[in-house]
Ligand SMILES: Cc1cc2nc3c(=O)[nH]c(=O)nc-3n(C[C@H](O)[C@H](O)[C@H](O)COP(=O)(O)OP(=O)(O)OC[C@H]3O[C@@H](n4cnc5c(N)ncnc54)[C@H](O)[C@@H]3O)c2cc1C
């Protein structure tokens, strides 16, 4: 079967890869001149990379790890020590660590929590441990049912002191969905905690060894092409044309940089667009259908990725850091954590600025000034007194509508990959799969989508054969 796929983010590329593995011929159309969508990156005039987002791979990403293995690029994941490291706002320049010992889960997670005495008191640890029991015992069903509560409400309900939020979960909630615990659905935090506590290496983190479009997306594209599939950049989906019965007749593609758009016909069609952009494409005929109407409940959350190049080293930490700053979420010194960005003498900090709703329309200069003020708290030695570190250059990447905002109730709005339109399918981190809005979620959604398309192909084959319309 020939399948037209719009969007070359991880979901679209994963869908195309698994379709070509199954013997089909995917043709991917990407609107931009770069692969990867939310993991896209670019080189500046000096040849330094800047990215849409600081990206972390977790041990609890089975489909992503399988993909790396299938592509033979597993050595590109740079695994860090099994720890979570938080800045301490009350003691600027110091860190508090959760170190996971080499023991089976959940003992390693429990040991990591119990051995950290900087952030949580013993009564808080006990209250939190008891609060988590239902999630551990009742598993995914309980996690899904908790989508009616925000994380803050869930903590209250479990009689867990609010201070636990301030110490740990503001940082985690901002890292997971770029919003605070008062807004985020408890399903998101419970999903992460369940994976981290139930899998020995679930919370172990890796950085990619270079820029995602080259080091991850390109090998997927090479794999797709080696089996006869195609991938085109600068080829936006403009319109989904439908037949009278509502099925897809064609994709109108192209019309960028003065080129003519063309009608693309295929046996099946996939949207791997972000949800906000897909909503603008829904044909009139489909708009009253439940699955598409519900998408109104999903909306991208703003986030900003800040890159700062300094004239000296600020840290020696080879890991992700939870800043616990009001303005910032996680950050890392990419000159240490990422092989291709390595610099022995000068730091390059990549920082996620979140929540970003009050900042997304502000100037880059305002954002950098505010970030630098926060850095005074994170690195007081380098930004106070004499001989301060100098900022050599910066780059700000804004994503006004990034991953869907995971507020309470939105699980019910997430669509399946199979739609009521027989020859049309959805992929994307927002579609229903258990890893929420993440790279793992995007890869899994693509794989699930490919499976549905393959089932459709079998169905079409069988139906046409039994009706005698097709001669083998
Ligand atoms: C700042 C930031 C930090 C993040 N950190 C992490 C992290 O540490 N770990 C993690 O697991 N996840 C992280 N994520 C989330 C992760 O990046 C996403 O969940 C994932 O990449 C989404 O993939 P996708 O394919 O579903 O969507 P996208 O990546 O958005 O792909 C959609 C593609 O469709 C294309 N497109 C749009 N319109 C058209 C059109 N009309 N025609 C053709 N193509 C079109 C887009 O250009 C894009 O390439 C982060 C995200 C951000 C923004």
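In the numbering used here, the protein residues as written are 248 to 719.
By construction, the Cβ of each residue, glycine as well, lies at the ideal position given by its N, Cα and C atoms.
Between residue 321 and residue 282, the alpha-carbon positions lie close to 20 Å from each other. Sequence-distant Cβ neighbours of residue 530 in its own chain, meaning closer than 7 Å and more than five residues away, are 487, 489. Within the model, the alpha-carbon separation for residue 630 versus residue 619 is close to 9 Å. Cα atoms of residue 555 and residue 642: separation of roughly 7 Å, rounded to the nearest angstrom. DSSP, read as helix, strand or coil, puts residue 469 in helix. Closest in alpha carbon position to residue 436, among 383, 297, 517, 338, is 383. Around the Cβ of residue 712, a 10 Å sphere holds fewer than 16 other Cβ atoms; the residue is exposed. Nearest to residue 260 by C-alpha distance, out of 703, 420, 562, 673, is 673. Residue 345 is not a Cβ neighbour of residue 328, given a cutoff of 8 Å.
Counting only residues of its own chain and dropping the five nearest sequence neighbours on each side, residue 297 has a CB closer than 7 Å to the CB of 288, 289, 291, 554, 642, 644. For residue 580, the uninterrupted beta strand (DSSP E) run begins and ends at 575-580, by DSSP. The stretch 382-399 makes contact with the stretch 410-422; the number of CB pairs closer than 8 Å reaches 3 or more.
Around the beta carbon of residue 387, fewer than 16 other beta carbons sit within 10 angstroms, so the residue counts as exposed. For residue 257, the distance from the CB to the nearest heavy atom of ligand 1 is below 7 Å. A direct Cα-Cα distance of roughly 21 Å separates residue 381 from residue 351. Checking the DSSP bridge columns, you'll see residue 595 partnered with 556.
The Cβ atoms of residue 379 and residue 552 do not sit closer than 8 Å to each other. Checking the DSSP bridge columns, you'll see residue 344 partnered with 332.
For the set 640, 621, 714, 657, the Cα lying nearest the Cα of residue 340 is the one of 621. With fewer than 16 other Cβ atoms from the protein chains shown falling within 10 Å of its own Cβ, residue 527 counts as exposed. A direct Cα-to-Cα measurement between residue 515 and residue 614 gives close to 44 Å. Residue 636 is a Cβ neighbour of residue 559, given a cutoff of 8 Å. Residue 256 is positioned such that its CB atom lies no closer than 8 Å to that of residue 518.
In this structure, residue 701 and residue 258 do not form a Cβ contact; the two beta carbons are roughly 16 Å apart against a cut-off of 8 Å. For residue 588, there is no enclosing alpha helix (DSSP H), since its DSSP letter is neither H nor E. Rounded to whole angstroms, the gap between the alpha carbons of residue 646 and residue 601 is 11 Å. Contact check for residue 454 against residue 325 passes: the beta carbons are separated by less than 8 Å. Judged by DSSP in its simplified three-state form, residue 452 adopts strand. The DSSP-derived three-state label of residue 568 is strand.
In the assembly as shown, residue 495 is a buried residue. Its beta-carbon has 16 or more other beta-carbons within 10 Å. Here the alpha carbons of residue 411 and residue 482 stand approximately 48 Å from one another. By the Cβ rule, the stretch 443-452 does not count as touching the stretch 661-677, because fewer than three pairs are nearer than 8 Å.
In the three-state reduction of the DSSP assignment, residue 531 falls in the helix class, which pools H, G and I.
For residue 520, the CB falls within less than 7 Å of some heavy atom of ligand 1.
Sorting 466, 658, 354, 663 by C-alpha distance to the C-alpha of residue 316 places 466 at the top. Per DSSP, the continuous beta strand (DSSP E) segment holding residue 253 begins and ends at 249-253.
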